[in-house]
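Shown next, in structure tokens, is the structure this report addresses.
In full-length UniProt numbering, the protein residues as written are 1 to 291.
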């Protein structure tokens, strides 16, 4: 038993790739947890899922160009291009938002698959689709540090504005804080967060990093500060055990992290159900005593 624990939990820390994976997971966990609050409370889950799919062509093209930030720039460009194409179609047709989003984002993802079948990339298809935290290279690690650092700095610097934008859009407009400009800023932050999480969890599973942290945290608490801390904590927990499980079983990191996140959500869901049941029982007893 002790040998198993040492081989799978202590000895891996001596490897550079494992330490890089842990540091990367910490950065991605914090940045995605911050963005998750906005996505969940603004009902942007469909938008987040669409953006994560639309960056696929940019990732494939960027992997062919051998210069720093090529993949990041490519993913960022195709993500925003798909979003503004969707907005253009919505403004010049009778399509509803979900229909326009589904059409454009699935088209961009299909375009990425076509490009991948015609070109040879250095990245394996499963690493692109499902993530590969245990295979993060030094250049990718530096890019992730820059992206996650930028997301966290902007989020902290604009935290009060983000909260107002998320929970009271009317007040944000009344105060004249520049709604459209701030909306574009949040779109950029969301796109950068998706790009950062691609290495950890892959294109197909990125939506879990964008939704599950805030959803799980809100089951345990309603206070904003606590929700943010719990969301970050749940992401860190899921990422660590997801990496550990992937290392032990020799599987992709993305699916294992999602499984951990889902288990935490189920724990939170069970806790909330029990807490609500106890509250109802207490009120029933109080009502019986008062009568």
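Positions of the beta carbon are idealized from the N, C-alpha and C atoms, including for glycine.
Helix, strand or coil: how does DSSP classify residue i here?
i, result
"residue 168", "coil"
"residue 143", "helix"
"residue 94", "coil"
"residue 223", "coil"
"residue 60", "helix"
"residue 250", "coil"
"residue 131", "coil"
"residue 258", "helix"
"residue 273", "helix"
"residue 42", "coil"
"residue 151", "helix"
"residue 178", "coil"
"residue 112", "helix"
"residue 10", "helix"
"residue 119", "coil"
"residue 203", "coil"
Take the Cβ of residue i as the centre, count every other Cβ of all protein chains shown within 10 Å, and call the residue buried at 16 or more, exposed below.
i, result
"residue 235", "buried"
"residue 132", "buried"
"residue 204", "buried"
"residue 261", "buried"
"residue 183", "exposed"
"residue 72", "buried"
"residue 97", "exposed"
"residue 176", "exposed"
"residue 117", "exposed"
"residue 290", "exposed"
"residue 218", "buried"
"residue 151", "buried"
"residue 138", "exposed"
"residue 93", "exposed"
"residue 60", "buried"
"residue 155", "buried"
"residue 270", "exposed"
For residue i, collect the residues of the same chain with a Cβ closer than 7 angstroms to its Cβ; drop the 5 residues on either side in sequence, then sort them by chain order.
i, result
"residue 172", "164, 165, 179"
"residue 51", "79, 83, 190, 191, 194"
"residue 86", "100, 101, 104"
"residue 95", "89"
"residue 130", "202, 204, 205, 252, 254, 255"
"residue 20", "136, 141"
"residue 111", "57"
"residue 238", "257, 260, 261, 264"
"residue 147", "72, 192, 195, 196"
Once the 5 residues before and after residue i are set aside, which same chain residues still bring their CB inside 8 angstroms of it?
i, result
"residue 106", "53"
"residue 221", "227, 230"
"residue 144", "24, 27, 28, 136, 196, 199"
"residue 283", "none"
"residue 247", "8, 12, 18, 134"
"residue 207", "45, 48, 49, 52"
"residue 240", "22, 25"
Can you give me the C-alpha to C-alpha distance between residue i and residue j, rounded to a whole angstrom?
i, j, result
"residue 43", "residue 243", "29 angstroms"
"residue 113", "residue 69", "21 angstroms"
"residue 230", "residue 264", "11 angstroms"
"residue 187", "residue 288", "53 angstroms"
"residue 253", "residue 201", "6 angstroms"
"residue 91", "residue 22", "44 angstroms"
"residue 76", "residue 149", "16 angstroms"
"residue 34", "residue 10", "30 angstroms"
"residue 45", "residue 280", "32 angstroms"
"residue 167", "residue 15", "44 angstroms"
"residue 159", "residue 245", "34 angstroms"
"residue 30", "residue 81", "27 angstroms"
"residue 250", "residue 128", "17 angstroms"
If I measure Cβ to Cβ from residue i and keep anything under 6 angstroms in the same chain, skipping five residues before and after, which residues do I get?
i, result
"residue 109", "53, 56"
"residue 259", "none"
"residue 210", "36, 39, 48"
The region 271-290 touching the region 58-78, judged by at least three CB pairs closer than 8 angstroms: no
Three-pair Cβ contact test at 8 angstroms for the region 204-215 versus the region 32-40: yes
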